[in-house]
Amino acid sequence: MKWTTAALAAVLSLTGEAKPVSKSKPNIIMIMTDDQDLHLDSTEHMPTLQKLLVQRGTTFNNHWVTEAQCCPSRATVLRGQQAHNTNITAVRYPGGNYDKWRASEMDSEYLPKWLNDAGYSTNYIGKFLNGHNLGNYNPPPKAWTEIDALIDPYMYDFNRAVFSKNGQHPVNYPGWHQTDIVRIKAVERIKQLAQDDKPFFYWISPTAPHTVPPINGPSDNMPQPLTRHKDLFPDLVLPKKGNWNPPDEYAKQKVNWVGRTPPLNESMLAETEVLYKTRIQSLQGIDEIIEDVVATLEQEGILDNTYIIYTSDNGFMIGTHRITAMKSLAYKEAGQTPFIVRGPGVPEGVVSRLPGTHTDIAPTLLELAGVDPASFPKLFDGRSLLPQWREPTGSGNCSQTSPVQTECSGDVIGVEFWGDANYELPALPFNDPQGPYGAVMSSFKALRVAGEHRAYLYTVWCSNELELYNTLAQTDPDELVNLALNPDAETRRLMTRLNALLLVIKSCEGDVCRAPWQAFANDTALAGLPSFSTLDAALDPRLDDYFASLPGVHFDACLQVQVVANERPFYPEAAAEGLGTAWRVTFDDWSSPAFRTRDKVPANAVPAGSVEQRTATFADLLAAQRDLTGFELGHVNRTL
């Protein structure tokens, strides 16, 4: 929604403030990168991000994802639910992808639909969900006013980008880099939206700094920066944090396949350095997106009535715990993302430790859009973070302004994963029972307590091996000392409480996800015992026998997907009938239709992203646009 000059002048004359607070609904822009780390200092190498968002907004450095993988994490943002409730648990069949999302009919009730109902224009550009491809681009994803989506199998191919706008015939832009295409289109769309009376939501989703999977033939797998950035940072080296390529003293305290991983050799170390540098180079294109988006908002007179959220779908590990390059795991490097907010009422230059997750994004955006929290969709597992955006140095997660915030429980975070180890650098032999890593499965259930005075990571792997780390900054922030290996009496007491929390949160829904201790409130076995709603209270010695009596979280098998029988035990037992099934279509099996193409879309003969293209116009981009040929488009059985 656009401010008129007269209205702006009137407000300024009354308040004397440079940033008026509009009584109209704000615009919302979310820029989501792909696999951007927090703990490897990537944001420190983005000067525009620092100048226009970090210094002009609030940085939340205690923000987490609940499954550190692209498609599940994005589904969580779209629905405000944890992955065990969306059942989008992986990036491909059978765990999940765009086809499974559609078949589950979760696109009938999700973020763009709710924002439409709140009077918003809803817009999207870039990567949507994995598996949104040449076989299923039409009909387009539901409820978006405009969606200009990247299309598989070229989603990560920076020099062979294919888009489909609103389900129209896919197009390619020879000679152009994906990041420049996203930037130029986003600027043009914001100019259009600024002329509309409706407030708008715009999700801008480039794929940098993701690696390039070798789907279409040989690839060096590294991110592909714009050519104008490929020679930047000649002396840059990967930060060697405390858990980088650790010695046996610590590495052998890990369990499952991670504990069997040998030290990185010289070849692997060299690859990690190249990967880190190309990631940072590729993020310079994202910095240019930020620069142009903010400049356009300012030129159109709507910057001061617009929230800008900057984040990633998950974090990333390079060399961490001897792992060359990966996400998906419970460790902090995979689970934490940048999360920066600029907008009306958000303090500038502040760093906040208040906890939040991607599950909270949808409720927060709805409250920003003026939706009464009492009217929030009942399926939400998350809570609105708006109170802590406004008071980031306060106790935002304890606020009573919203019925979805009933106690100080925001620091209890469930983490989960189903599937095998998905390395981003193709250097290691996996799933070989005779190989050095054995048969590799990464399925786990984990619990993170992300408080300031108590902080833990507790993980139950599908091998039924345990990890426990005291992650306080002054204790073990690098998650190296596994307290579960030889626990003393006090640690065993703690583990019974963490097991109880994990028992609840691994299959929670709604209010229980937001306040997991409340699940125990009606347990008759607690009659006469002290009540508790925090971990400190639960550690009362009088509760020892009760917590010791609860079943331990465990797996019967290491599976690629969520199977109810393998998710047992449940607490309460009725949770077995939940898992989000009231809010989605369920099915025992499904398949993702295959499509075939005779011809591949040609890659750019020369990598794109020249200095001249930095100032190219939307008209310049359109002049290069071409429809895919029939042979490039291929054919598919599109019946789900």
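Taken in order, the sequence shown gives residues -18 to -1, 1 to 622; the numbers are from mature numbering (1 follows the signal peptide of the UniProt record, and there is no 0).
Just so you know, even glycine gets a beta-carbon here, dropped at the ideal spot from N, CA and C.
Note that the coordinates shown come from a computational prediction; the quantities given were computed from them, not determined experimentally.
Coarse secondary structure for residue i, derived from DSSP in three states
i                 : result
glycine 376       : coil
valine 543        : coil
tyrosine 258      : helix
tryptophan 126    : coil
threonine 288     : strand
histidine 27      : helix
methionine 423    : coil
arginine 578      : strand
leucine 34        : helix
phenylalanine 529 : helix
glycine 396       : strand
alanine 587       : coil
lysine 147        : strand
tryptophan 185    : strand
methionine 204    : coil
tyrosine 438      : strand
isoleucine 300    : strand
tryptophan 226    : strand
aspartate 609     : strand
tryptophan 565    : helix
glutamate 449     : strand
isoleucine 10     : strand
leucine 175       : helix
isoleucine 166    : helix
tryptophan 443    : strand
isoleucine 70     : coil
valine 3          : Legend: pLDDT at valine 3 = 40, less than 50; position of this residue unreliable, no value from coordinates given.
arginine 430      : strand
Identified DSSP bridge partners for residue i
i              : result
isoleucine 133 : Looking at the DSSP assignment, isoleucine 133 forms no beta bridge with any residue, so it has no partner.
valine 323     : Thr40 and Ile291
valine 333     : Thr41
glycine 352    : Paired residues: none, contrary to the question.
glutamine 318  : Trp46
asparagine 120 : DSSP output for asparagine 120 lists no bridge partner at all.
Own chain residues within Cβ distance below 6 Å of residue i, not counting five before or after
i              : result
aspartate 458  : Tyr451 and Asn452
arginine 261   : Pro191 and Pro205
alanine 585    : Asn141 and Arg142
serine 264     : Ala190, Pro191, Pro205 and Pro207
valine 59      : His340 and Ile343
isoleucine 305 : Met299
serine 187     : Met14, Gly108 and Lys109
Beta carbon of residue i nearer than 9 Å to that of residue j
i             : j                 : result
tryptophan 46 : glycine 317       : yes
cysteine 490  : glycine 396       : yes
residue 707   : glutamine 37      : Here the chain covers residues -18 to 622 and nothing more, so residue 707 does not appear.
arginine 56   : phenylalanine 110 : yes
glycine 39    : proline 369       : no
residue 623   : asparagine 120    : Since the displayed the chain opens at -18 and closes at 622, residue 623 lies outside it and no answer follows.
glycine 392   : asparagine 67     : no
serine 515    : arginine 210      : no
isoleucine 70 : proline 94        : no
glutamate 315 : asparagine 247    : no
asparagine 9  : threonine 288     : yes
alanine 576   : glycine 117       : yes
valine 394    : arginine 365      : no
isoleucine 11 : isoleucine 322    : no
glutamate 282 : isoleucine 166    : no
leucine 97    : histidine 114     : no
aspartate 274 : alanine 168       : yes
glutamate 398 : lysine 309        : no
aspartate 363 : cysteine 495      : yes
Residues near residue i in its chain [Cβ-Cβ closer than 7 Å; skip 5 each side]
i            : result
glutamate 87 : Arg566 and Val567
lysine 212   : Gln263
proline 469  : Met477
tyrosine 138 : Thr189, His192, Val194 and Pro195
residue 683  : In the structure displayed, the chain extends from -18 to 622; residue 683 sits before or after that span and is not available.
Neighbourhood of residue i by C-beta, 8 Å cutoff - its chain only, sequence neighbours within 5 removed
i              : result
leucine 532    : Thr478, Asn481, Ala482, Leu485 and Tyr553
valine 546     : Ala558 and Leu561
isoleucine 129 : Asn105, Tyr106, Ile107, Phe110, Pro122, Pro123, Lys147 and Asn148
isoleucine 163 : Ala143, Phe145, Tyr155 and Leu603
valine 583     : Tyr136, Arg142, Val144, Asn154, Leu610 and Glu614
threonine 254  : Leu220, Leu246, Ile300, Gly301, Thr306, Ala307 and Leu407
(Q) Could you check whether the segment 598 to 611 touches the segment 152 to 163, counting it as contact only if at least three pairs of C-beta atoms, one from each stretch, sit closer than 8 Å? (A) Contact annotation: the segment 598 to 611 touches the segment 152 to 163, with at least three C-beta pairs closer than 8 Å.
Q: Would you check if the segment 235 to 250 and the segment 175 to 182 touch, i.e. whether three or more CB-CB distances between them fall below 8 Å?
A: Segments in contact, no.
**Q.** the segment 346 to 356 contacting the segment 18 to 26, beta-carbon criterion three pairs below 8 Å
**A.** Contact fails: fewer than three Cβ-Cβ distances are below 8 Å.
Q | Contact the segment 595 to 606 vs the segment 155 to 169: 3+ CB pairs below 8 Å | A | Contact holds: three or more Cβ-Cβ distances are below 8 Å.
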